[in-house]
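Accompanying notes for the structure given below.
Number of protein chains: 2
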Amino acid sequence: MQKRSQETRTRILNTSLELFSTIGYEKTGVALICEKGSISKGSFYHHFPSKHSVFEALLDRWLTNIDNQFESEIALSVDVPSSILAMSETFAQLTQLSTDYLPLFLEFWLQSVHDPMIWQRTTAPYQKYVDRFNLLFEKGISEGSIQKMDPKEASYMLISLALGLLLQKMMSPQSEDWSSMSKNCISRLIQGIKGVPNA
Amino acid sequence: MQKRSQETRTRILNTSLELFSTIGYEKTGVALICEKGSISKGSFYHHFPSKHSVFEALLDRWLTNIDNQFESEIALSVDVPSSILAMSETFAQLTQLSTDYLPLFLEFWLQSVHDPMIWQRTTAPYQKYVDRFNLLFEKGISEGSIQKMDPKEASYMLISLALGLLLQKMMSPQSEDWSSMSKNCISRLIQGIKGVPNA
DNA sequence: AGAATTAGACTGACCAGTCGGTTTTATTTC
DNA sequence: GAAATAAAACCGACTGGTCAGTCTAATTCT
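Protein chains in written order, with our numbering: chain U, 35 to 233; chain Y, 35 to 233.
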């Protein structure tokens with residue numbers, strides 16, 4: 035039966051996620067993961083070849099999650115501005131869900147900067163989003179629903195805004211309502227980019 | 035003579051900055067800092083009580099730098115939108131200057147999330163910028179040069195955009211021209227927030 | 001001289017990863 | 001369906017190496 039095996043594997047993953055997020059990747063010892071997750075050292079290394087491989091597995095899980103979320107959302111709307119808004123909605127949801135795990139996202143980013151292997155792994159999907167936004171904006175611009183501008187600029191603007199909101203959310207006490215703040219900011223940005231009636 | 039002493043101190047700081055940025059704080063050993071900076075272990079610990087205190091010193095240096103830069107820039111313009119633009123200009127410059135050290139900024143952020151002591155240290159100046167922007171936007175809104183909106187929202191939008199641009203700059207190959215991209219994005223954001231002629 | 005600074009060998013804690021062995025689960029055979 | 005066998009999962013004491021920080025002695029400045 036692979037069921038037990040699968041279960042410990044995910045337990046390793048989840049416990050690691052928890053610890054990596056709260057105390058950081060480097061500071062989290064394998065021993066601690068094992069203790070907190072009631073896993074033995076041997077079992078840990080039976081499932082993962084290294085501590086870092088757990089990190090990578092978490093990264094992959096995170097990326098595919100985001101990807102699925104976006105993929106399911108993008109097909110729905112036909113109007114470009116609302117389509118963008120929908121994707122942003124998804125984004126807000128996503129951050130809402132995983133507030134506690136946000137620091138890990140930073141850790142991913144940081145490691146990407148230092149390690150070319152991780153960089154490649156993260157960049158590919160990232161580039162995919164950029165391209166997707168680019169296409170969306172191009173369409174919007176040509177159909178007149180978005181102002182005449184460099185679509186790349188629009189994409190980067192939107193993504194930057196989203197990332198920056200994430201970053202700030204991380205720093206502020208949990209009490210603050212970043213979910214609605216994010217929504218408002220994004221919709222206002224889109225409003226500012228929308229095509230003007232005449233032009 | 036304190037001159038030599040001062041010199042080794044800054045050499046420790048600069049070498050650490052270099053290494054922390056390129057290979058990360060955790061991965062950088064004190065021995066390596068000493069080797070690369072031609073400093074002995076004893077000297078190192080004569081000037082700093084711990085590795086982490088070097089980190090903190092770098093953080094302080096960074097923060098006061100930013101602060102000075104902003105402080106000198108803010109007084110110049112009287113018109114609100116152009117004042118904001120000026121501050122953003124400064125920001126762009128600032129990122130331009132320290133491209134290589136950008137990863138350290140992330141490291142600061144990450145540690146702030148994990149360590150309350152660091153958090154306090156970073157939050158204070160951060161809050162100062164937010165407040166400053168708030169005031170600026172409030173003024174702009176009341177004088178009509180900025181749209182009617184929550185000034186906090188405007189501040190967070192602008193800061194988010196700036197942070198997000200930084201984040202993305204870090205990930206992309208050095209070739210890309212983020213300096214002009216940043217400028218364009220920020221000025222477009224301000225354009226979108228500017229007061230409409232009628233209203 | 002003597003205070004400040006520099007030198008670098010040394011220590012002790014910590015920690016990722018290993019290894020020999022046990023227990024649980026799955027499969028085969030009678 | 002139960003005994004026998006194989007395979008997968010689990011266990012935790014142990015190791016080897018790393019690294020922040022210490023200590024004593026030497027050197028350099030005033």
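Glycine included, C-beta positions come from ideal geometry on N, C-alpha and C.
Query, Result
"Does chain Y have any CB closer than 8 Å to the CB of U:Y190?", "yes"
"Out of Y:K70, Y:L53, Y:E69, Y:C68, point me to the one whose CA is closest to Y:T62's CA.", "Y:L53"
"For U:I224 versus U:P115, is the C-beta spacing smaller than 8 Å?", "yes"
"Just to make sure I have the definition right: I need the residues of chain U whose C-beta is within less than 9 Å of the C-beta of Y:A196. Which are they?", "S194, G198"
"As a quick exercise: from Y:Y79, Y:T157, Y:Y190, Y:M204, pick the residue whose alpha carbon is nearest that of Y:F171.", "Y:Y190"
"Between the stretch 120-151 of chain Y and chain U, which residues of the former have CB atoms less than 7 Å from a CB of the latter, in chain order?", "P137, L140, E141, W143, L144, S146, V147, H148"
"Which residue marks the beginning of the alpha helix (DSSP H) containing Y:T157, and which one marks its end?", "150-177"
"Do we get a CB-CB distance below 8 Å when we pair Y:T49 with the residues of chain U?", "no"
"Hey, does Y:I227 have any beta-carbon neighbour from chain U nearer than 8 Å?", "yes"
"Can you tell me which of Y:M183, Y:E177, Y:W212 puts its alpha carbon nearest to the alpha carbon of U:K186?", "Y:W212"
"Would you tell me roughly how many angstroms separate the C-alpha atoms of Y:H80 and Y:N48, rounded to the nearest one?", "16 Å"
"To the nearest angstrom, how far is the alpha carbon of U:F82 from that of U:E177?", "50 Å"
"Applying the 10 Å Cβ sphere with the 16-neighbour rule, what's the burial state of U:E141?", "buried"
"What in chain U is Cβ-close to Y:E172, meaning under 7 Å?", "Going along chain U, no residue has its Cβ under 7 Å from Y:E172, so there is no contact; the nearest lies around 17 Å."
"Going by DSSP in three states, Y:K61 sits in which element: helix, strand or coil?", "coil"
"If Y:V147 and U:P137 are in contact, beta carbons under 8 Å, what's the gap, nearest whole angstrom?", "5 Å"
"For U:A233, I'd like the list of residues in its chain whose CB is within less than 6 Å of its CB, leaving aside the five on either flank, ordered along the chain.", "At U:A233 the pLDDT is 42, less than 50, meaning the model places this residue with poor confidence and gives no usable figure here."
"Output, in chain order, the set of chain Y residues within a Cβ distance shorter than 7 Å of U:I57.", "H148"
"In or out: Y:E41 buried (at least 16 other Cβ within 10 Å) or exposed?", "exposed"
"When we look at the beta-carbon of Y:R222 and count the other beta-carbons within 10 Å, is it buried (16 or more) or exposed?", "buried"
"Grouping DSSP H, G and I as helix and E and B as strand, with all else coil, what is Y:I100?", "helix"
"Return the bridge partner residues of Y:L180 from the DSSP annotation.", "Just to set this straight, residue 180 of chain Y is Ile in the shown sequence, not Leu. Answer is Y:K228, bridged to Y:I180."
"Suppose you measure from the CA of U:V64 to the CA of U:T44; what does that come to, to the nearest Å?", "15 Å"
"Going along the chain, which residues of the stretch 198-223 of chain Y sit with their C-beta nearer than 8 Å to a C-beta in chain U?", "G198, L199, L201, Q202, M204, M205, M215, N218, C219, R222, L223"
"In whole angstroms, give me the CA-to-CA distance for U:Q103 and Y:Q145.", "29 Å"
"Mapping the DSSP letters down to three states, classify Y:Q208 as helix, strand or coil.", "coil"
"Under 7 Å between beta-carbons, which chain U residues line up against Y:E60? List them in chain order, please.", "E60"
"List the residues of chain Y whose Cβ lies closer than 8 Å to the Cβ of U:Y160, in chain order.", "M205"
"Go to U:F78, then tell me how far its alpha helix (DSSP H) extends in each direction, as first and last residue.", "75-81"
"Which class does U:D94 belong to by DSSP, given the choice of helix, strand or coil?", "helix"
"Could you tell me whether the Cβ of Y:E187 comes closer than 8 Å to any Cβ of chain U?", "yes"
"At the level of alpha carbons, what is the spacing between U:W143 and U:I152?", "9 Å"
"From Y:T98 to Y:Y135, what does the alpha carbon distance come to, in whole angstroms?", "16 Å"
"Using only alpha-carbon positions, find the residue among U:E210, U:L51, U:S117 that is nearest to U:A91.", "U:L51"
"Identify whether U:D134 lies in helix, strand or coil by the three-state DSSP scheme.", "helix"
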